[in-house]
Amino acid sequence: MSPKRFYRRVRIRCDPCACPYPSRMSVGILGLTEKQFLAEADNLSMTPAAAGRHWRQLFRQGTLPPEIQGKVKIPSMPIVRREPDGDTLKFAQQLEGGLETESVILPQRGRTGRIRTSLCVSSQVGCAMGCRFCETATLGRRQQLTTDEIVGQWFAARHSEGRSITNIVFMGMGEPTDNIESVLQAIRVLTEHGGPAIPASRISVSTVGRSQGIERLAEFANEPGFRQLRLAVSLNAPDDAVRQTLMPVNRAEPMADLHAAMSAWPAGNRLPILVEYVLIPGVNNAPGHATAVAKFLQGLSVNLNVIPYNPIRDSPWLAPTESEVVAFCAEAREAGLRTKRRRTMGRDAMAACGQLGNPALKRERPTRSK
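Going left to right, the sequence shown walks through residues 134 to 503 as my numbering numbers them.
As structure tokens, then:
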């Protein structure tokens, strides 16, 4: 039986409405590391050896033996939409409450010719941050995703879509530090050697710059096995005046606070902080802006990632021209910043950076997040 068909069958059998066991007696297996699942072996009436075997089988093969399917819970997350754009694929999964989460599969050929496939995952449905250049922000925050719903996005990409995922980026819907403990537990599961086996060095967590969130990430990154976790910070402006017009978070936590939080990020053998800069023509790309960014980042170990703006629905701005992107990157390099531009992928499918979100939700009144 193909992984795609089996995954659908497992989801149906493990749906709380269809499962013969009450959900309070089932274990959310996708949200647990192997060690954590082994600790549940007695409750599941199985030996630790059998529990480990079943855990590894699920993550590696996407299957479970029939005798334990009612004892463990896999979130019901059917893929309800697929929107390809070249090699890029955006897919939407319906959650048990009826809302949707969106993820993006991004294959890229590296300098050596090998294919690297990144999965952009969501941590929330919608987002409360209100960034003006982001489609997700127009939805408001609708729901926090549980750990197994976050890992369920990888599970669908691997076992429904048949993709070998090499990198995970928490750059989909939502602000990861607003759902930090679920995100960190998802990272624990995703890095498990017997499971997804994605190294921490290939996992990036992007934040608008919440100081407390960065502090919690830094604390987590001090744990053994996670010291190569990559921090990405969405800067997008040369100064407070510009940033607060784009990102409301800057009113509560100005750039000085952000700089202090970034300065406290553990150094040593860690990768540089990835500083994301969405380039919006006429807003944050004036002559001198890149130089001001370099001055702000002085003393920090960073790489600047310039992201040409991807227009959202009803956007007041256009995408920058090629010459505008080249000019900004050149000024940043001249000012001493290690600078790369992000390749635009998935724009036509509303799958590019800042474009995720079901527009139908805009017509509905936001509900209080769980």
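Here a beta-carbon is modelled for each residue, glycine too, at the ideal position from N, C-alpha and C.
All of these numbers come straight from a predicted model, not from anything done at the bench.
By the criterion of a C-beta distance shorter than 7 Å, A319 is surrounded in its chain by T280, I283, V284, once the five residues flanking it on both sides are discounted. Fully contained in the segment 280-317 are the following beta strand (DSSP E) runs of length 3 or more, in chain order: 300-303. As a beta-bridge residue in DSSP terms, L412 pairs with P441.
Sorting A452, E229, R349, A183 by C-alpha distance to the C-alpha of E200 places A183 at the top. V459 and S209 have their C-alpha atoms roughly 45 Å apart. Where A225 is concerned, the enclosing beta strand (DSSP E) starts and stops at 221-227. By the Cβ rule, the segment 461-477 counts as touching the segment 415-431, because three or more pairs are nearer than 8 Å. Going by C-alpha positions, D218 is about 15 Å away from C253.
Q257 is positioned such that its CB atom lies closer than 8 Å to that of D311. In the three-state scheme derived from DSSP, where H, G and I count as helix and E and B as strand, V254 is classed as coil. Judged by DSSP in its simplified three-state form, K168 adopts helix. Within the same chain, and ignoring the five residues on either side of A330 in sequence, the residues whose Cβ sits closer than 8 Å to its Cβ are T324. By the criterion of a C-beta distance shorter than 7 Å, S434 is surrounded in its chain by A400, P405, I406, once the five residues flanking it on both sides are discounted. Pairing L191 with P181 gives a Cβ-Cβ distance that is not under 8 Å.
If only uninterrupted alpha helix (DSSP H) runs of at least 4 residues are considered, those enclosed by the segment 329-399 are 344-354, 373-379, 382-385, 388-396. Only exposed fits Q431, as fewer than 16 other CB atoms lie within 10 angstroms of its CB. Annotated as proximal: L391 and G342, with beta-carbon spacing under 8 Å. Pairwise C-beta distances place the segment 214-229 out of contact with the segment 346-355, as fewer than three of them are shorter than 8 Å.
Here the alpha carbons of N418 and G164 stand approximately 42 Å from one another. Residue burial annotation: E235 is buried, with at least 16 other C-beta atoms found within 10 angstroms of its C-beta. Put simply, the backbone Cα of G243 is about 31 Å away from that of I313.
Per DSSP, the unbroken alpha helix (DSSP H) holding L191 starts and ends at 181-194. Nearest C-alpha to M306 among R403, R321, L272: L272. Nearest to V439 by C-alpha distance, out of V205, R471, A261, is R471. Per DSSP, R275 is one residue of the beta strand (DSSP E) stretching across 274-277.
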